[in-house]
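Colleague: Below you'll find the structure I mean.
Residue numbers (the numbering used here): 3 to 66.
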(Lines of atoms letter the chains of each structure in order from A and count residues from 1; the text may use other names and numbers.)
(Lines give C-alpha, C1' and ligand atoms only; values in the text may rest on other atoms or scores of the structure.)
Protein backbone atom coordinates (compact mmCIF):
# COMPACT_ATOMS: atom_id res chain seq x y z
CA UNK A 1 0.00 0.00 0.00
CA UNK A 2 2.95 2.30 -0.61
CA UNK A 3 1.79 5.83 -1.33
CA UNK A 4 -1.54 5.44 0.47
CA UNK A 5 -2.53 7.04 3.73
CA UNK A 6 -5.00 9.35 5.37
CA UNK A 7 -4.47 12.42 7.51
CA UNK A 8 -6.52 15.20 9.05
CA UNK A 9 -5.07 18.64 8.30
CA UNK A 10 -6.52 22.10 7.71
CA UNK A 11 -7.62 22.29 4.08
CA UNK A 12 -5.77 25.60 3.65
CA UNK A 13 -2.47 23.75 4.11
CA UNK A 14 -3.12 21.32 1.24
CA UNK A 15 -5.29 23.27 -1.22
CA UNK A 16 -2.48 23.48 -3.80
CA UNK A 17 -1.73 19.75 -3.60
CA UNK A 18 -5.42 18.92 -3.96
CA UNK A 19 -5.73 21.26 -6.96
CA UNK A 20 -2.60 19.71 -8.54
CA UNK A 21 -3.96 16.19 -8.05
CA UNK A 22 -1.16 15.18 -5.67
CA UNK A 23 -3.71 14.68 -2.90
CA UNK A 24 -7.37 13.80 -2.87
CA UNK A 25 -9.87 14.94 -0.26
CA UNK A 26 -11.89 12.17 1.37
CA UNK A 27 -14.48 12.35 4.14
CA UNK A 28 -15.12 16.03 3.36
CA UNK A 29 -18.22 16.16 5.57
CA UNK A 30 -16.49 14.62 8.61
CA UNK A 31 -14.76 16.56 11.36
CA UNK A 32 -13.21 15.92 14.74
CA UNK A 33 -14.82 17.08 17.93
CA UNK A 34 -12.53 19.73 19.42
CA UNK A 35 -11.65 18.75 22.99
CA UNK A 36 -8.94 21.32 23.66
CA UNK A 37 -5.25 21.76 23.21
CA UNK A 38 -2.45 19.57 24.48
CA UNK A 39 0.85 21.21 25.33
CA UNK A 40 3.96 19.09 25.81
CA UNK A 41 7.03 20.66 27.36
CA UNK A 42 10.07 19.66 29.44
CA UNK A 43 9.83 19.75 33.22
CA UNK A 44 9.34 23.15 34.82
CA UNK A 45 13.01 23.40 35.80
CA UNK A 46 14.12 23.24 32.17
CA UNK A 47 12.01 25.93 30.49
CA UNK A 48 12.40 29.69 30.26
CA UNK A 49 10.29 32.21 32.12
CA UNK A 50 8.69 33.24 28.81
CA UNK A 51 7.62 29.66 28.13
CA UNK A 52 6.15 29.43 31.63
CA UNK A 53 3.86 32.33 30.72
CA UNK A 54 2.68 30.38 27.66
CA UNK A 55 2.13 27.25 29.76
CA UNK A 56 0.33 28.99 32.62
CA UNK A 57 -1.89 31.37 30.60
CA UNK A 58 -4.49 28.75 29.57
CA UNK A 59 -4.67 27.47 33.14
CA UNK A 60 -5.33 30.95 34.48
CA UNK A 61 -8.03 31.57 31.86
CA UNK A 62 -9.71 28.27 32.69
CA UNK A 63 -9.91 29.26 36.36
CA UNK A 64 -11.57 32.61 35.55
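Idealized CB from N, CA, C, for every residue including glycine.
Given the structure is predicted, the values throughout are model-derived calculations rather than measurements.
If you draw a straight line from the C-alpha of residue 13 to the C-alpha of residue 19, how long is it?
Modeller: 10 Å
Colleague: If you draw a straight line from the C-alpha of residue 57 to the C-alpha of residue 11, how long is it?
Modeller: Their Cα atoms are separated by approximately 24 Å.
Colleague: Put residue 61 into one of helix, strand or coil per three-state DSSP.
Modeller: helix
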